[in-house]
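Trainee:
Protein chains in written order, with the numbering used here: chain F, 14 to 371; chain U, 15 to 313.
#1: Alpha carbon to alpha carbon, how far is residue 82 of chain F from residue 301 of chain F? Give it in angstroms, no decimals.
#2: Go to residue 182 of chain F, then tell me how far its beta strand (DSSP E) extends in each direction, as first and last residue.
#3: May I have the straight-line CA-CA distance separating residue 187 of chain F from residue 263 of chain F, to the nearest angstrom?
#4: Under 8 angstroms: does the beta carbon of residue 148 of chain F sit that close to some heavy atom of the ligand MN?
#5: Is there a Cβ from chain F that is less than 9 angstroms from the Cβ of residue 158 of chain U?
#6: Taking only beta-carbon atoms, is residue 361 of chain F less than 9 angstroms away from chain U?
#7: At least one CB of chain U closer than 9 angstroms to the CB of residue 166 of chain F: is that the case?
#8: Under DSSP, the alpha helix (DSSP H) around residue 107 of chain U begins and ends at which residues?
#9: If the criterion is Cβ atoms closer than 9 angstroms, does the pair residue 191 of chain U and residue 39 of chain U meet it?
#10: What does the Cβ neighbour count give for residue 280 of chain F, buried or exposed, with the cut at 16 atoms within 10 Å?
#11: Can you give me the C-alpha to C-alpha distance between residue 207 of chain U and residue 308 of chain U, rounded to a whole angstrom?
#12: Measure the beta-carbon distance from residue 353 of chain F to residue 298 of chain F and round it to whole angstroms, keeping in mind my assumption that it falls under 8 angstroms.
#13: Cβ atoms of residue 347 of chain F and residue 113 of chain U: under 9 angstroms apart, would you say?
#14: Does any CB atom of chain F fall closer than 9 angstroms to the CB of residue 63 of chain U?
#15: So, is residue 165 of chain F buried or exposed, given that buried needs 16 or more other C-beta atoms within 10 angstroms?
#16: Use the C-beta contact count for residue 193 of chain U: other C-beta atoms within 10 angstroms, 16 or more gives buried, fewer gives exposed.
#17: Cβ atoms of residue 110 of chain U and residue 102 of chain U: under 9 angstroms apart, would you say?
#18: Would residue 146 of chain F pass as a contact of residue 241 of chain U if the rule is Cβ separation under 9 angstroms?
#19: Could you name the residues of the same chain whose beta carbon sits closer than 6 angstroms to that of residue 202 of chain F, not counting the 5 residues immediately before and after it, in chain order?
#20: Does residue 339 of chain F have its Cβ less than 9 angstroms from a Cβ in chain U?
#21: Does DSSP classify residue 157 of chain U as helix, strand or coil?
#22: I'd like to check one pair, residue 253 of chain U with residue 27 of chain U: are the Cβ atoms closer than 9 angstroms?
#23: Please say whether residue 42 of chain U and residue 247 of chain U have beta carbons closer to each other than 9 angstroms?
#24: Taking Cβ positions, are residue 255 of chain F and residue 121 of chain F nearer each other than 9 angstroms?
#25: Can you tell me the Cβ-Cβ gap for residue 90 of chain F and residue 77 of chain F, rounded? I've got them flagged as a contact below 8 angstroms.
#26: Would you say residue 88 of chain F reaches chain U, if we count a Cβ-Cβ gap shorter than 9 angstroms as a contact?
#27: Give the DSSP bridge partners of residue 268 of chain F, in chain order.
#28: Give the DSSP bridge partners of residue 134 of chain U, in chain order.
#29: Please report the distance separating the alpha-carbon of residue 340 of chain F from that of residue 123 of chain U.
#30: For the putative contact between residue 141 of chain F and residue 152 of chain F, defined by C-beta atoms under 8 angstroms, what is the C-beta separation to the nearest angstrom?
#31: How far does the beta strand (DSSP E) with residue 187 of chain F in it extend, from its first residue to its last?
#32: With residue 131 of chain U and residue 328 of chain F assumed to form a contact (beta carbons below 8 angstroms), what rounded beta-carbon distance in angstroms separates them?
#33: Check each candidate in F:104, F:220, F:31 and F:28 and name the one with the smallest Cα separation from residue 117 of chain F.
#34: Within 9 angstroms (strictly less), CB to CB, does residue 115 of chain F reach chain U?
#35: Along the region 283-298 of chain U, where does the CB come closer than 8 angstroms to a CB of chain F? Name the residues.
#36: Using a threshold of 9 angstroms, state whether the C-beta atoms of residue 236 of chain U and residue 66 of chain U are closer than that.
See below:
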C-alpha cells in the first residue's frame with residue numbers, strides 16, 4: 014500500500030530496467046494517462062481543450078526539448094522560439110508542396126529541418142560556453158525570424174508573412190475539432206516524452222549529463238565532445254520543431270513570424286527553470302505553471318474588480334500582471350531553485366520513510 | 015565607391031557603437047563585481063529614463079530631476095540586493111540570470127504602472143543635425159548629437175575609471191571583482207559592495223537612458239536596447255570595461271557598414287542579427303571575447 018520499493022522484488026534484468034520500477038508509479042501513470050486520454054476530451058469543454066490543454070501540451074513538448082539541451086546537456090540556449098518557428102513554417106511548406114506526404118511525416122520532416130538548423134547554430138558550442146553561448150544562440154533567434162520574413166518561399170510569398178495551416182487529415186480522417194486536435198497533440202507528446210525518458214537513461218543521455226557536469230572530465234573518459242553536443246542540439250531542436258509545427262497546426266491555425274519572438278524563448282526557459290532543469294516531469298509542471306499563471310491572474314483581477322465594483326483600467330491590469338509574473342518567478346527561484354519537480358522528489362523521499370521517519 | 019560616404023558611414027557607425035557601449039557598461043560592472051549576467055539592464059535604462067522624463071514633465075528642474083532619479087536608482091539598487099540577490103547567494107549563474115529576467119518584468123510593469131505607458135520626447139538641448147563646418151569642408155555629415163553622446167560616454171568612462179582607481183569604495187569593488195573570497199577575508203563587506211555596484215549600474219543606466227531617450231524618445235522599445243548591447247558584450251568579454259568600449263565601436267561600425275554595403279544584396283533589414291554574427295565570428299577565434307578573462311579548465 015505504501016509508496017516505497019520495499020517488498021517489490023526484481024527477478025529479471027528486464028524488470029530491473031523498466032521505466033517505472035515502483036508499482037505505485039505504474040498505477041499512477043496509467044491512471045493519469047486514462048484521465049488525459051479519456052476523461053479530459055469527454056468532459057472538457059471546447060474552450061478548455063483548445064485554449065488551455067492543447068497549448069499546455071505543446072509548450073510542455075517545447076520545454077522538454079529545451080530541457081534536453083539545457084537541463085541534461087548543460088548548453089544554455091535562448092533560441093527555442095526560432096527552432097519552433099522552423100518547425101512550424103517547414104511543416105506548412107511540406108504540407109503545401111508535398112501534399113501526398115501526410116500530416117505526421119510532414120511534422121517529422123519539419124522536426125528534422127529544425128534539427129539541422131539546431132546543429133548549425135550549435136556549432137559555436139564547441140568553442141564557447143555558458144552565457145557566451147546563450148548570447149550566441151540569440152543570433153539563431155534573430156536570423157531565423159529575419160529569414161522567414163525575407164525569404165518569400167518560406168511563407169509561400171504571402172505579403173504579410175502570415176500563413177494559414179492546412180487542414181489535418183490522417184488516413185482520410187479529418188482532425189478538425191478541438192477534442193481531436195487535443196488527442197493528436199496528446200498522442201505525439203506522450204510518445205515523444207516516453208522516448209525522451211528512455212533516451213535520458215541510455216548511453217546518450219548519460220553522455221549528455223557527463224558533458225553537463227564537467228566537460229573536460231567527460232572528454233577524458235572518452236565521450237566524443239563534438240558528437241555529443243551536436244546530438245544534444247539536434248534532438249532538442251527536433252522536439253522544439255515538432256512542438257512548433259503543432260503550435261501552428263493544432264493551436265494557432267494562422268501563424269505569423271511574430272508569434273515566435275524572443276519572448277517565447279524566455280517563456281520556455283522559464284518553464285524549465287520553474288519546473289526543474291534535468292527533469293522530464295519538470296518540463297510538464299513548468300509548462301502548466303507558466304501557461305496557467307496568466308489565465309489565473311486574469312481571472313483573479315476580473316474577480317477583484319467585480320468585487321470592488323470598480324472598473325480597473327486594462328493597462329493597469331496588464332502592468333500588474335507583468336509585475337506579479339516577474340515577482341513570482343523571483344519568488345520561486347528563491348524558495349525552490351531546483352524547480353517544482355524537486356518538491357515531488359522530496360515528497361517521494363518523505364513518503365518512503367513515512368510513518369517512521371527514523 | 016565614394017570615399018567621403020564610406021567615412022561618413024564608418025564614423026556614424028563608430029559613434030552609434032558608443033551608444034551601445036553605454037548600455038554594455040552597466041552589464042560589465044555588475045558581471046565583474048557579482049558574476050550576475052544582469053538581463054534587467056535594459057529595463058533599468060527604461061525605468062531611469064521614464065522616471066527622469068516624468069519628473070521633468072511634472073515641472074521639476076532638470077538638475078533636480080537628475081538628482082532625484084539618481085536617488086531612485088540607488089534605492090532600487092539596494093532593494094534589488096536585499097530582495098533578489100541576497101537570498102540567491104551561491105546559486106548557479108543561470109538561476110541568477112533567470113531572476114534578473116523576472117526583475118525585467120517587474121521593472122517594466124512598475125515603471126509603466128507608475129508613469130503610464132505613453133511615449134515621451136526628451137530634449138537635452140542638443141540638436142540631432144549634421145555639423146555644418148564639417149560637412150562644408152569635407153562633405154562628411156556627422157551628427158552633432160552623436161559627438162555629444164560620445165563625449166558623454168568618454169566622460170562617464172573617465173569618471174568610472176577615477177572612481178575605481180582612487181576611491182576607497184572603488185578599490186573595494188575592484189578587489190571583489192578580482193576574488194570574492196580574498197576580498198571577504200580582508201574585511202570587505204560583500205553585501206554593501208553589491209548594493210553599491212547595482213547603484214553604480216543604475217547611474218550608468220540613467221546616463222544611457224538619457225542618451226537613448228533623447229535620440230529615440232522615451233518609450234517601451236527602450237528596453238530592447240539591452241539586446242543591442244549583448245553582442246557588444248560577448249565580443250568585448252563580459253569582464254572588461256575596455257572590452258565594452260572597443261566591442262561597441264567594432265559592432266557599431268561593422269553594423270552600419272554592412273547595412274549600407276551588404277544589406278541591399280540580401281534584402282535589407284540585417285541589423286537585427288548582423289551584430290550577433292560578427293560577435294560569433296570573433297568568438298570562434300577568442301572564445302572568451304576580446305578582453306575577457308582567459309578560461310582555464312580544471313578538473
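All residues carry an ideal CB built from backbone N, CA and C; glycine is no exception.
Nothing here was measured: the structure is a model prediction, and the numbers come from that model.
Mentor: To lay it out plainly:
#1: Distance between the alpha carbons of residue 301 of chain F and residue 82 of chain F is about 20 angstroms.
#2: 181-183
#3: 12 angstroms
#4: This structure simply doesn't include the ligand MN, nor any ligand for that matter.
#5: No, residue 158 of chain U does not count as interfacial toward chain F.
#6: Judged by the 9 angstroms Cβ criterion, residue 361 of chain F is not in contact with chain U.
#7: no
#8: Start and end: 107-129.
#9: no
#10: buried
#11: Distance between the alpha carbons of residue 207 of chain U and residue 308 of chain U is about 25 angstroms.
#12: The Cβ separation is near 5 angstroms, so the contact holds.
#13: yes
#14: False, the Cβ-Cβ gap to chain F never drops below 9 angstroms.
#15: Classified as exposed, residue 165 of chain F has fewer than 16 neighbouring CB atoms from the shown chains inside 10 Å of its CB.
#16: exposed
#17: yes
#18: no
#19: 70 and 74
#20: yes
#21: strand
#22: no
#23: yes
#24: yes
#25: In this structure, residue 90 of chain F and residue 77 of chain F do not form a Cβ contact; the two beta carbons are roughly 13 angstroms apart against a cut-off of 8 angstroms.
#26: By the rule that beta-carbons nearer than 9 angstroms mark a contact, residue 88 of chain F does not touch chain U.
#27: F:176
#28: U:232
#29: 11 angstroms
#30: Between the beta-carbon of residue 141 of chain F and that of residue 152 of chain F there is about 12 angstroms, and that puts the pair past the 8 angstroms contact cut.
#31: Residues 186-188.
#32: About 6 angstroms separates the Cβ atoms of residue 131 of chain U and residue 328 of chain F, confirming a contact at the 8 angstroms cut-off.
#33: F:104
#34: no
#35: 283, 284, 286, 287, 290, 291, 293, 294, 297 and 298
#36: no
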